[in-house]
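Residues in the sequence shown are numbered consecutively from -15, following this note's numbering. Here a beta-carbon is modelled for each residue, glycine too, at the ideal position from N, C-alpha and C. Just so you know, these numbers come straight off a predicted model, no measurement behind them.
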Amino acid sequence: MYGGFTTERHERLRARVRAFAEAEARPRIPEMEATRTVHHELSRLIARQGWIGVTIDRAYGGMGAGHLAKTITIEELARVSGAMGAMVQASQLGVAKIAHFGSEQQKRTWLPAIARGDCLPTIAVTEPESGGHVLGMRATARREGDTYVLNGRKVFVGNSHVGDLHGVVVRTGPGSRGLSAFLLESDRPGFSLAPQQPAMGLHGFSFGELVMEDVRVPAANLLGEEGDGVAVAYSSSVLYGRANLTAVSLGIHRALVEETTAFAAARSLYGRPLAELDSVKQKLGRMQSSLMTAEAVAYHAVDLLDRGLPCDAELMNAKLVGVESSLDSARLAMEIHAACGLFTDRPIERFVRDAHHIYAPAGTSDVQRLRLAEVALGVAKGAQWSVRFGGGTELAAA
Ligand SMILES: Cc1cc2nc3c(=O)[nH]c(=O)nc-3n(C[C@H](O)[C@H](O)[C@H](O)COP(=O)(O)OP(=O)(O)OC[C@H]3O[C@@H](n4cnc5c(N)ncnc54)[C@H](O)[C@@H]3O)c2cc1C
């Protein structure tokens, strides 16, 4: 059991996901690295394991297993393939808006399909000039009778090129109450994808551009009320996004430590294992310490969320600590590998590239620190999302 947070059921889930990741994801990594494009088949295969529905209530066909179980699932996939950890986190992020704001009809229509792996959802908030500045977005929806007409572009959307159901947040009016969220099926006329641009890492995952040109959706596709867009975006980001990306970081971090430890034990220098050099031991010790700290803050935050306790600040801190410490460990891993780390016959350079991708989504470290400063100053705005939507999972009570 990790740090007293996980139960036997969590550890059984970990073992199952780890075995799957080793058997199905690891052999496909060379192909994903070579093509540098989205891996449709593996994404679907993972979805069919039911893991996108890990937090979906059993009443809607999900596992009802909670946020700690979600963290373990993502972490174990990311330990083998950062791209597939990112794929699962992005779709689970897409679940949040339906679970929190969906009507009963929307839940019944979409959650069982997502839980079965027949539908991969996304959430699309970011635009070219509105990353951290969500209110700067320009994409619009205008009401025409029983439909809304959507126009604009969304960029860096996780699972853009495998998603079946996009959750787009767009402008229906001015100001912070002028954002609204819609469910947009990917086969609607007027909807298209810009060609996937290869990025530095996470090969096999897509986070590309959605284009909406006079796309009509029924008014029934509105999530919540008109004006709920900011709440949909922020609650998804705080409760699912931060925890999910923390989990991707944690999986990559674990891989960095495992790979570097094995390398230092196997490589010989001055006629003895590299791991016996004091400088290398110091660095391995720092990496191990960072990993244990990242794990503790990650599991603590989602455990609080499963228990329905306030934890918005803990989720921010978990993302901050997880990302920053995995980047620190990535540098130490490269130092220990020296020239050997630079070639693609070893996975270490892949882990380093993938670790950098987790910095921006769900708030950069700058943004997490700003929000934490507001907590310290006692000026954090509004009720905590974790109080509004946390708790109620079956595993938490087990
Ligand atoms: C792998 C990946 C997956 C993603 N998935 C999704 C997704 O599923 N859906 C989606 O909508 N978007 C997604 N994104 C986009 C992500 O949400 C944005 O990258 C993020 O919001 C930051 O925006 P930006 O990258 O444009 O940086 P910017 O916001 O332009 O930031 C640029 C710099 O300014 C700093 N900065 C920004 N705001 C402030 C501030 N208020 N105070 C101080 N400094 C600040 C930042 O720290 C950064 O250093 C994803 C991105 C990545 C890399």
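Scanning the stretch 203 to 273 from its first residue to its last, the whole alpha helix (DSSP H) runs of 4-plus residues come out as 213 to 219 and 226 to 250.
Counting every other CB atom within 10 Å of its CB across the protein chains shown gives residue 283 a total of 16 or more, marking it as buried.
Counting only residues of its own chain and dropping the five nearest sequence neighbours on each side, residue 230 has a CB closer than 6 Å to the CB of 282, 302, 303 and 306.
At least one heavy atom of ligand 1 lies closer than 7 Å to the C-beta of residue 344. 8 Å or more divides the Cβ of residue 36 from the Cβ of residue 1.
Boundaries of the beta strand (DSSP E) around residue 175: 175 to 177. An exposed status is given to residue 42, since fewer than 16 other beta-carbon atoms sit within 10 Å of its beta-carbon.
Residue state for residue 149 is assigned as strand, using DSSP reduced to three classes. In the structure shown, the three-state DSSP call for residue 341 is coil. A residue is called buried when at least 16 other Cβ atoms come within 10 angstroms of its Cβ; residue 76 meets this threshold and is buried.
For residue 126, the enclosing beta strand (DSSP E) covers residues 124 to 128. Residue 36 has its CB no nearer than 7 Å to any heavy atom of ligand 1. No heavy atom of ligand 1 is found nearer than 7 Å to the CB of residue 125. Relative to ligand 1, residue 116 has its C-beta within less than 7 Å of a heavy atom. The shortest CA-to-CA distance from residue 288 to any of 38, 50, 18 and -7 is the one to 50. The alpha carbon of residue 147 has as its nearest neighbour, out of 262, 177, 233 and 128, the alpha carbon of 177. As far as DSSP is concerned, residue 354 takes part in no beta bridge. In terms of CA proximity to residue 198, 134 leads the group 134, 274 and 65. Per DSSP, residue 373 lies in no beta strand (DSSP E); the unbroken alpha helix (DSSP H) holding it starts and ends at 369 to 373. Closest in C-alpha terms to residue 191, from the list 151, 207, 156 and 142, comes 142. In this structure residue 22 touches residue 188 by the C-beta definition: roughly 7 Å separates them, less than 8 Å. Counting along the chain, the unbroken alpha helix (DSSP H) around residue 308 starts and ends at 296 to 321. Within a 10 Å sphere around the beta-carbon of residue 237 sit 16 or more other beta-carbons, which makes this residue buried.
In this structure residue 294 does not touch residue 180 by the C-beta definition: roughly 39 Å separates them, more than the 8 Å allowed. The beta carbon of residue 208 lies closer than 6 Å to those of 85 in the same chain, with the five residues before and after it left out. Not one heavy atom of ligand 1 falls within 7 Å of the beta-carbon of residue 338. In the three-state DSSP reduction, residue 21 falls in the coil class, being neither helix nor strand.
Distance between residue 196 and residue 253, taken at the CA atoms: about 58 Å. Set against 7 Å, the gap from the CB of residue 142 to the closest heavy atom of ligand 1 is smaller.
The alpha carbon of residue 53 has as its nearest neighbour, out of 39, 64 and 61, the alpha carbon of 39. Within its own chain, the residues whose Cβ lies closer than 7 Å to the Cβ of residue 245, once the five positions on either side in sequence are excluded, are 268, listed in chain order. Taking the Cβ atoms as the reference, residue 211 lies roughly 6 Å from residue 164, within the contact range of under 8 Å.
Counting the other CB atoms within 10 Å of its CB gives residue 250 a total below 16, which places it among the exposed residues. Under the DSSP definition of a beta bridge, residue 111 partners with 114. Taking a C-beta distance under 8 Å as the contact criterion, residue 116 and residue 31 do not qualify as a contact pair. Between residue 110 and residue 257, the alpha-carbon positions lie close to 48 Å from each other.
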